[in-house]
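Visitor: Heads up: the sequence shown begins at 5 in the numbering used here, then just goes up one per residue.
Following this message is one structure expressed as structure tokens.
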Amino acid sequence: MALSGTEGNAPLTVLAIDTSSQSGSVALCRGGQVIAESAINVRSTHSERLLVQIEQVLDASQRSLSDMDLLAVSRGPGSFTGLRVGLATAQGLAVSAGLPLIGVSTLQALALNLPLSPVPVCTFLDARKQEVYSCLYDTRSGFPRALGDEQVLPPELLLDRLEQEVVFAGDGVAHYRDLIVKRLGADVCSLPPAAHQVRASSVAFLAEQSFVRGGRGSSGVVSPCYIRPPDADLPQKKG
Numbered sequence: 005m006a007l008s009g010t011e012g013n014a015p016l017t018v019l020a021i022d023t024s025s026q027s028g029s030v031a032l033c034r035g036g037q038v039i040a041e042s043a044i045n046v047r048s049t050h051s052e053r054l055l056v057q058i059e060q061v062l063d064a065s066q067r068s069l070s071d072m073d074l075l076a077v078s079r080g081p082g083s084f085t086g087l088r089v090g091l092a093t094a095q096g097l098a099v100s101a102g103l104p105l106i107g108v109s110t111l112q113a114l115a116l117n118l119p120l121s122p123v124p125v126c127t128f129l130d131a132r133k134q135e136v137y138s139c140l141y142d143t144r145s146g147f148p149r150a151l152g153d154e155q156v157l158p159p160e161l162l163l164d165r166l167e168q169e170v171v172f173a174g175d176g177v178a179h180y181r182d183l184i185v186k187r188l189g190a191d192v193c194s195l196p197p198a199a200h201q202v203r204a205s206s207v208a209f210l211a212e213q214s215f216v217r218g219g220r221g222s223s224g225v226v227s228p229c230y231i232r233p234p235d236a237d238l239p240q241k242k243g
């Protein structure tokens, strides 16, 4: 996938990590062009394995961490455990290499799978507990612009609130396909599987756009966006 680079600016070399869902990825991009991208199984990935995957992407690109201009990481929402691994790894690399780090919304990166969509993209990421993470995006310009706040809610409630034609993207589409088809018809679920996966290359593109527009990035601190409290932090019911 080739994304439009940043006009009027020197292209940046970006290493990006996404561990927000079961199907994560690592990508190295320059000026919107994907140099290398590799999928990872987040469920079986710990920080050591992720570092090996990053090294493989760097090797495939014939580059080293010192060649990077920017690091990027998906900050959520998504898998609590996956986000922790990805954020900790990205922050460690940023500190050790002295590189700026930018966190990117998982849902915005997902919406980038459908640039120039004539109708809003409704991101639909499985949040477990019979809920989905969602946000509406206008992608007609090629850049996903949020039309509201990111939220977590039951899929039935989300479908009830939709007041316009949309196209769905996210792993929640497969999980709740029968419900969506019953409410809205099969056409809104007709996209290929690749459209429902967050890609690290999209995280890289959005981070580069943010950086050149004035988002200087941190020196290694990016806060996760869980939307709801992590499972481990939820109070236990008594009785």
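The beta-carbon is built from N, C-alpha and C at its ideal position, and this holds for glycine as well.
Between the Cα of Leu166 and those of Gly146, Arg187 and Ala178, spot the shortest distance and give me the residue it belongs to.
Guide: Position 162 of the sequence shown, counted from the start, is the residue given in the question as residue 166. The residue with the shortest Cα to Cα distance from Leu166 is Arg187.
Visitor: Do Leu157 and Val136 have their C-beta atoms within less than 9 Å of each other?
Guide: Locating residue 157 in the sequence shown gives position 153, counting from the first residue. Locating residue 136 in the sequence shown gives position 132, counting from the first residue. Yes; because the gap between Cβ atoms is below 9 Å, this pair is in contact.
Visitor: Taking Cβ to Cβ, would you say Pro81 is nearer than 9 Å to Thr110?
Guide: For the purposes of this step, residue 81 is taken as the residue at position 77 of the sequence shown. For the purposes of this step, residue 110 is taken as the residue at position 106 of the sequence shown. In contact: Pro81 and Thr110 (Cβ atoms closer than 9 Å).
Visitor: Please go through the stretch 149–219 and give each complete beta strand (DSSP E) segment of 3 or more residues, from N-terminal end onward.
Guide: Taking only runs of at least 3 residues, the beta strand (DSSP E) segments lying wholly in the stretch 149–219 are 155–157 and 171–173.
Visitor: Does the structure place the stretch 55–65 close enough to the stretch 117–125 that three or more beta carbon pairs sit under 8 Å?
Guide: As far as the Cβ criterion goes, the stretch 117–125 does not touch the stretch 55–65, which means the pair count is below three.
Visitor: CA-CA distance, Tyr230 and Asp71?
Guide: Residue mapping note: residue 230 aligns to position 226 of the sequence shown, counting from 1. Residue mapping note: residue 71 aligns to position 67 of the sequence shown, counting from 1. Their Cα atoms are separated by approximately 31 Å.
Visitor: Determine the closest residue to Gln60 out of Ala31, Asp182, Leu97 and Pro104, with distance taken between C-alpha atoms.
Guide: What you label residue 60 is simply residue 56 of the sequence shown in a count that begins at 1. Of the listed residues, the one whose Cα sits closest to Gln60 is Ala31.
Visitor: Between which two residues does the beta strand (DSSP E) containing Asp63 stretch?
Guide: Position 59 of the sequence shown, counted from the start, is the residue given in the question as residue 63. Element bounds for Asp63: not the beta strand (DSSP E) but the alpha helix (DSSP H), Ser51 to Ala64.
Visitor: With distance defined between alpha-carbon atoms, name the residue in Ala101, Leu105 and Gly146 nearest to Ile21.
Guide: For the purposes of this step, residue 21 is taken as the residue at position 17 of the sequence shown. For the residues Ala101, Leu105 and Gly146, the minimum Cα distance to Ile21 belongs to Leu105.
Visitor: Start and end of the beta strand (DSSP E) containing Ser109?
Guide: Along the sequence shown, one-based indexing puts residue 109 at 105. Per DSSP, Ser109 belongs to the beta strand (DSSP E) from Leu105 to Ser109.
Visitor: Relative to the C-alpha of Leu118, which candidate in Gln134, Asp153 and Gly146 has its C-alpha closest?
Guide: Residue mapping note: residue 118 aligns to position 114 of the sequence shown, counting from 1. The candidate whose alpha carbon is nearest that of Leu118 is Gly146.
Visitor: If you draw a straight line from the C-alpha of Cys193 to the C-alpha of Ile184, how long is it?
Guide: In the sequence shown, counting from the first residue as 1, residue 193 sits at position 189. In the sequence shown, counting from the first residue as 1, residue 184 sits at position 180. So the two alpha carbons sit approximately 8 Å from each other.
Visitor: Is it buried or exposed for Val56, if we count other Cβ within 10 angstroms and need 16 for buried?
Guide: Taking the sequence shown and counting its residues from 1, one reaches residue 56 at position 52. The residue in question, Val56, is exposed, as its Cβ has fewer than 16 Cβ neighbours within 10 Å.
Visitor: Thinking C-alpha only, which one of Gln201, Gln112 and Gln168 is nearest Ser42?
Guide: In the sequence shown, counting from the first residue as 1, residue 42 sits at position 38. If we check each option's Cα against that of Ser42, Gln201 comes out closest.
Visitor: For the alpha helix (DSSP H) containing Gly102, name the first residue and the last one.
Guide: Counting from 1 along the sequence shown, the entry for residue 102 is found at position 98. Careful: Gly102 lies outside any alpha helix (DSSP H) and carries neither H nor E.
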